[in-house]
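Structure first, commentary second.
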Amino acid sequence: MPINEEGAAFKPLIVAFCCNWCSYAGADLAGSSRLNYPVNVKVIRVPCSCRVNPLFILRAFQRGADGVIMCGCHPGDCHYTSGNYFARRRMALLFSMLDYLGIERGRTRVEWVSAAEGAKFANTMNQFAETISALGECRRLEDIRCVESEI
Amino acid sequence: MHADERKEAETIIRASGVNVRKCMKCGKCSATCPNFDEMDIHPHRFVSMVEEGDIFALMQSKSLWRCLSCFACVERCPRGVEPANLIEAVRLEVIRPLAGNRLRPEAIPALLDEKIPQQLIVSAFRKYSK
Amino acid sequence: MKFSYYPGCTLKTRAAELDVAARQAAEALGVIMEELPEWQCCGAVYPIARDELATRLSAVRALDGAKRLKNPLLTLCSACHHVIKRVNNDMQTDDDMRAKVNSYMDLDDPYSGETKVVHYLEMLRDEIGFDKIRERVTQPMKGRRISAYYGCMLLRPSTVMRFDNPENPSILEDFIAALGAEPIRYPYRNECCGGYISIEARDVAREMSRKIMNSAVKRGADTIITACPVCLYNLNENGTGEVPVVYFTELLAESLGVKEPEGGLVHAR
Amino acid sequence: MQKIGVFVCWCGSNIAATVDVEAVAQASLSEPGVVFSTNYQYMCSEGGQSAIRNAIAEHGLTGIVVCACSPRMHEATFRKTAAVAGLNPYMVEIANIREQCSWIHRDKEEGTKKAIILARAAVAKLNRNVPLIAGESQVIKRALVIGGGIAGIQTALDVADAGYEVDIVEKTPTIGGKMAMLDKTFPTLDCAACILTPKMVDASAHEKISLFTYSEVESVSGFVGNFTVNIRKKARGVNSDLCTGCGVCIEKCPSKKAKSEFNQGLCNRSAIYIPFAQAIPNVPVIDRESCIKFQTGKCGVCEKVCTAKAIDYAQEDEIITRQYGAIVLATGFKPISLESYDEFQYNQCPDVITSLEFERICNAAGPTKGKVLRPSDHEPPKTVVFVQCVGSRATVECGKTYCSKICCMYTAKHAMLLREKYPDTEVYVFYIDVRTPGKSFDEFYRRAVEEYGVHYIKGMVGKVAEEDGRLIVQGSDLIADKQVIIEADMVVLAAAIEPDPTARSLGTMFTASMDTNDFFTEAHPKLRPVESPTAGIYLSGLCQGPKDIPDTVAQAGAAASKVIGLLSKDKLVGNPCVAACNEPLCNGCSTCELVCPYGAITYEEHLVVDHGVRETRRVSCVNEAICQGCGACTVTCPSGAMDLKGFTNLQIMAEVDAICR
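Protein chains in written order, with our numbering: chain A, 5 to 155; chain B, 19 to 148; chain C, 1071 to 1339; chain D, 213 to 873.
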C-alpha cells in the first residue's frame, strides 16, 4: 500500500455520481445489506447519469479527487429511457481526453448498477478503490491557486 | 473440536475448493450416488461433517475407498456443492502421510487379470496411493 | 483437417483396437491425426484437489505440445479426454493454478489454455458431421440394434466437459444412426460402471455393470459400444456377457469398409 | 444569505452507534449559512418533526438539512414538515448518513468524519437552493391492466367498481390466465373454475371494463396521469362482432393436430379454436401456423360452415391508441422449462409430468375428463411420486435461486386429491422442507399426512429411469439415511415458476425496474409493495414475486386502491425539478430538443434582454408538465443555457467542492 509523506496509509478520495433511480438505490441496498466499502467513497445524487456534466468531473479532479466513478441504470433500463446512452458516449470521450491529460484510465470508470445490485455496488467501489490505491495520489489537475489560497 | 482436527478441516476445505455452507441439505447427492449402499458415511453427510469439522471419523470411513469419482453428485447438486471433491480431499489427507497408502505396488500383480487395461491400474493407484 | 493426437497409454497396449480403428477411419475420412511427438500418461484420473500440481503437468505438456504445433488436440480415450479437458479448463480459469504450473514448467511461452481439446466423437459430430459420415458408409449396419454406453468421464461435470447433455446424451446414438444401425436408448447409459473399484471390490463393479447391461439387453440391444477402455473391461468382464461390448471406432472402421470384419465384433470376449 | 438549520438523526442506534451525532451537529455549525443545529433520536417521528418546525419558526430558517437515512426513504416526509412550517419544501436537503455511512462503516471515528463531510456537502448545496413551485398536470381517468389472469381481473373489477374505466390487455385469446387451468384450490379445495369463471363473466359484463384479448401492448409514451399506449389487436381471423360462438367451425375444422396450450400439450385442438369452454370472449381464433387455409390456401371449411359469416381470413392486426392515467402490470408467470432436468426424464417419459399438467389431468374438463390416467397408456397409476423443488432454491445455471412458494401447498393438494379419489394409490412426496406459512396451510399439509396417508420422504430424487414400463425413482431418505428405490407409474415434478417472458420487454417499455430474476421491483419492499418505482405504474400478482391465489387477490386489490387513489385526483402536482432555459444565453441551436426523450422542448420567438440589448430571438422553451427532469439537455447545451432546477450546475459543483475540500 502506498504511504504518503505523513506516513499514513493512502486512502484515495473517490467521488461517485449515482443516478437516483438505479445506482443510488443500489448504494442504499449495499447499506441496508451492511456491505462494507471504503469510507472515502462519497456519493453525489443526480437524477440520471446523463445529468453528469463533464465539468463536474474535471472540477472533482481539480479539487483533489483521486478517482471519479459514474454509476447509472443498465443500458435499456434507464428511468428516462435513453439518458445512460448519452452518458456512456460522453464519458467515453471525456475519459479518453483525461487519459491524454495524464489522468490514467484507471481513475475514471462507468458502471451500471441496478437498484437490486447492492453487492455489485459495494464490490465495484472496493475494486475501484483498490485500483486507485495502486495508482496513488492524483495531483495532475489540482488547482494550485486553490491550495495556495487556503494556506 | 480438537485443534488437529480443525486444521484438517481447513486443509480439506482449501484443497477441495468446496464451500460447504452452500449446501441446503436436500440429499440429492445421496439420492444420485450409484455406490450409496457400499458407503458407511453417505455423500450428504460428508458435506455436513466437514462443515462441523468432524474429520477424523471421515478419515476412518470406508466411503473414501468406495467413491468412484463418477461426478454424478457434482453434476446434479442444485447448489454447486461438489461432494465428490470433498471425499477426494479427505482421501488425500489419508494417503499423503507416509504409510497411508491403501494399495501397495507389491500387491498389484495378484490383482491383475490379463485383460485389465493399464488405465484401470493407474486410476486405482492414483486414488489409493501416493 | 489436421489434429495433434494424444493416444494415451492404454491405447498403445490393451486397447489397441480403439486406436487402430480410429486411425483407419480417420484416414478414410480425410482427417490427419498426427501423434504428439512426445507424450506421457495423463494419470487416468483428474486431480480434483486444488493443491495437486505435479499430477497436472503431463496434461499441460500435451496441451502445450499441441499449442506449439498450432493444432487442436484430439483425444480418444474417455479418461484422457476428461483429464486433459479439465486441466485445460484449470489453466484457463484458475489464475493461481496457472501461475504455479507455469512457474514450475518454465516454458518459453507460458501456457494458459490456448489449445482446443477435441474428442474423436466431437470431431466426427462438429468437424465432419454425421450426415457426411452417413454418405461415406459403405457397409451400413442394417438391422443391427446397438446401444451406446457413455460412462461418466465424457459427460461430467458438464459445466467443464461441454460434451453433450449429461442426463440425456445423444452423440453416440446419432453416430450409431449414421452407420445405418438402430440406436437403442436405455436409462443407465450415463451411470457409472464401477471404474477402478473392480481392482478392490469386483463384486461392486459386477453389480453396477450388470445393471447397465441388463437394461440395454432388455430393450433389445445386440451390441454395446463405448469409448472407454475401463468401461469396456468392466462391461465385458463384470457384465452379464449377453452381448458383446466393442469400441465405437471399431464399428466406424467396419462400416467405412476399412477394417476386416472378423476383427470387430468378436473382440475381447 | 441563507439561514440554515442542521438536524442530525440518531435513527435509534442505527446511526448513533457508528456516527457521533453530536459531533456532526457541532461541526456543521461552522459551515457557511448554518445558524442552528441539533440532534434527535428519531427525526422522522412526531417529536423530531415538531423540533424541526419549531426551529424553523424560532430561528427564521430559510432552509434545512436533515442528516438521516436515504432521501429515497424520508425526503418526502421532511419536505412536508418544512411545508407545514411555511418553508418551501424544496429548501430541504438530506445528507444520507445511514445507508451510505453508518451502515457500511464500522469505525466510529471514520464514520463521524464522513458524516460531517456529507452534511457539509448538503449545506453547500442548500446554500444555492431556491424555492421551487411544482406545476400541475391533468389525470386521465382510465386505467390499463396488462394481463387478464386472476390478478388482472381482480384489479380491473376493483377499479371499475369505484367508477373508473379500465381496459384489460391479454395476450392469449381468453382471460382467465393460469388459474383457469387449475382443478381445485388450496387450502379449501374449492374448484378453481367455480370461483374464477364468475369473475371472468363480471369483468366482461362490467360497463366500465373493456377487454382486449389476443392483444399486446406495442408502445407507450407519456407519464403518470397521462400515458398514451398503442395496443396491437392481433388478427383472430374471426369477426368478434358477428361470431355467435356456436362452435361449428371448431367441430368441422379438418386440422386437429395442434397441441392444446390450455391443456399443457396433453391433447390436441383444432386450428380454429377457443382455449376452453368457458373462455371469454367466446370467440374462436385461427392459429395460422396449423391452419390449412393459411398454410396451403386450400380448405376454407370454417368459412363455409359459419352461418354468421364471421370468418375473415383477410383480417389484419389492428393498432389501437388509448390514453390512461395509470397502468397496472399483471403479467403473471409460467413454470420453468425442464430442458436441463433430464435426470428426471421429463422429456423422455410421457408419464413424468409437471404439476400444471397434473392439474389438467385431475380437472373434470381436462383431457382425461378428470380421471387420473397415465399419458402413455391411459391406465390409472398405482404408485405416484411427487418431487418438490425442481429448479427452485437452486444456484446452478438452470435453476432459480428463490423458493417458488406455491409448490408445497399444491403438492399436498395433489397428493390428497389422489388419495381421496383413488384410495388404492400409493403416494410419495420427496421434499427438502415443507413450507406452509399461511392461514390453515400447515393444517392442510398435516391432513395429507395424517388423514390421507401420503408418504412424505425428506430427501430429493436423484434419478428416474424407465424400465419395463415403470418408472424407477431413485431418491434419498435423509431421516433413515437410506437410498430408496420406488417403482412408480407416474412422477409429478413441482417445477419452479418464473415471471412470464413478456414481462422483460414491458419492463423496458415502462421503465419499470426488475430484479435479477425478472420479477418487477416494488417502490419499497415493505412500505410500497404494489407500486413500481416509476410513478403511475402498479404491480399486481405474480409478476412481482411468487405468491398464491389469496396473496394475489389481496395484492390485486391493493394495486386497485392505489390506482383509484391516483385516478380520483383531478390534477397531479408535478415535479418542480425540471429543466429551465436561461434565455439570454440560449442560441437556439436545437441540440437540447434532439436529446429530450419526452419531446418537452420546443422553440419560440421571445423578447430577450442581452447585455442591455433588447431583441427577439428563437430560444428553447421547456414544457414543465412534460419534462421529467432527467437533465440530458443541461449537459448537451453548448452555451450552458439549460439548467436543471433542484440539481443546478452550481449546486452540484458546490457538492463536489464540499466533498473534495
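Ideal placement from N, C-alpha and C gives every residue a C-beta, glycine not left out.
Item: What residue from B/D131, B/I30, B/L129 has the CA that sits closest to B/E70's CA?; Value: B/I30
Item: Tell me which same chain residues have a C-beta within less than 7 Å of the C-beta of D/F859, skipping the five on either side of it?; Value: C789, G843
Item: Give a yes or no on whether the C-beta atoms belonging to C/L1305 and C/A1092 are separated by under 9 Å.; Value: no
Item: Quick check: is the beta carbon of B/D131 nearer than 9 Å to any beta carbon in chain C?; Value: yes
Item: Buried or exposed: where does D/Q919 fall if 16 or more other Cβ atoms within 10 Å of its Cβ makes it buried?; Value: Absent from the structure is residue 919 of chain D, since the part of chain D shown begins at 213 and ends at 873.
Item: Under a CB-based cut-off of 9 Å, is A/T112 close to chain D?; Value: no
Item: Look at C/H1152 and C/L1088 and say whether their C-beta atoms are less than 9 Å apart.; Value: no
Item: Have a look at C/E1332 and D/N559 and give me their C-alpha separation to the nearest angstrom.; Value: Confidence in C/E1332 is poor, its pLDDT being 49 and thus under 50, which makes the residue's placement too unreliable to answer from.
Item: Excluding five sequence neighbours on each side, which residues of the same chain lie with their C-beta closer than 7 Å to the C-beta of B/R97?; Value: K40, C41, M42
Item: Could you work out which residues of chain C lie near D/A677, taking near to mean beta carbons separated by less than 7 Å?; Value: P1257, Y1258
Item: Please name the residue in D/Y668, D/S780, D/Y657 whose C-alpha comes closest to that of D/E638.; Value: D/Y668
Item: Sorted by chain position, which residues of the same chain lie with C-beta nearer than 6 Å to D/Y254's C-beta, five sequence neighbours on each side aside?; Value: G260
Item: Considering only the alpha carbon of each residue, which of D/E795, D/L394, D/R332 lies closest to D/K242?; Value: According to the sequence as given, residue 242 of chain D is Ser; it is not Lys. It is D/R332.
Item: What are the uninterrupted segments assigned as alpha helix (DSSP H) that are 4 or more residues long and contained completely in the region 698-763 of chain D, given in chain order?; Value: 714-721
Item: Could you spell out the range, first to last residue, of the alpha helix (DSSP H) harbouring D/R284?; Value: 283-296
Item: So if DSSP puts D/Q686 in a beta bridge, which residue, or which two residues, is it bridged to?; Value: D/K675, D/I697
Item: Along the beta strand (DSSP E) that carries B/M67, what are the first and last residues, could you check?; Value: No beta strand (DSSP E) contains B/M67, which is instead part of the alpha helix (DSSP H) from 61-70.
Item: Below 8 Å on C-beta distance, what does D/K690 contact in chain B?; Value: Before going further, note that residue 690 of chain D is Leu rather than Lys in the sequence given. K43, G45, S48, H62, listed in chain order.
Item: Could you tell me which of C/T1125, C/A1218, C/E1105, C/C1222 sits nearest to C/Y1174, measuring between CA atoms?; Value: C/T1125
Item: Using a Cβ cut-off of 9 Å (strictly closer), state whether A/A29 contacts chain D.; Value: yes
Item: Taking the alpha carbon of D/D414 as the point to measure from, which residue in D/M393, D/I362, D/R444 has its own alpha carbon closest?; Value: D/I362
Item: Kindly say whether D/T274, judged by its beta-carbon, lies nearer than 9 Å to any beta-carbon of chain A.; Value: no
Item: For the region 583-599 of chain D against the region 422-430 of chain D, do three or more pairs of beta-carbon atoms, one drawn from each stretch, fall closer than 8 Å, so that the two count as touching?; Value: no
Item: Would you kindly check if the distance between the Cβ of C/G1265 and the Cβ of B/S87 is under 9 Å?; Value: yes
Item: Starting from A/V237, trace the beta strand (DSSP E) in both directions and tell me its first and last residue.; Value: Residue coverage of chain A in this structure runs from 5 to 155, which leaves residue 237 of chain A outside it and unanswerable.
Item: Along chain D, in chain order, which residues have C-beta atoms closer than 7 Å to that of C/E1237?; Value: D554, E555
Item: Any beta carbon of chain B sitting closer than 9 Å to that of D/R647?; Value: no
Item: If you follow the beta strand (DSSP E) that D/T828 is part of, which residue opens it and which one closes it?; Value: 825-834
Item: Would you mind telling me which residues of chain A sit closer than 7 Å to D/E322, beta carbon to beta carbon, in chain order?; Value: V43
Item: Please tell me whether D/C833 and D/H818 are closer than 9 Å, where the distance is taken between their beta carbons.; Value: yes
Item: Contact criterion: CB-CB distance below 9 Å. Does D/I684 meet it with respect to chain C?; Value: yes
Item: List, in chain order, every chain C residue whose beta-carbon is nearer than 7 Å to that of B/F54.; Value: Ordered by position in chain C, no residue passes the 7 Å Cβ test against B/F54, which lies about 11 Å from the chain.
Item: Looking only at its chain, what residues have a beta carbon closer than 6 Å to the beta carbon of D/R826, apart from the 5 residues adjacent to it on each side?; Value: none
Item: Which term fits D/I531, buried or exposed, when burial requires 16 or more other beta carbons within 10 angstroms of its beta carbon?; Value: exposed
Item: Hey, C/T1185 and C/K1137 are a contact pair by Cβ (cut 8 Å); roughly how many whole angstroms apart?; Value: 5 Å
Item: For the candidate residues D/V646, D/V371, D/P579, whose alpha-carbon lies nearest to that of D/A772?; Value: D/V371
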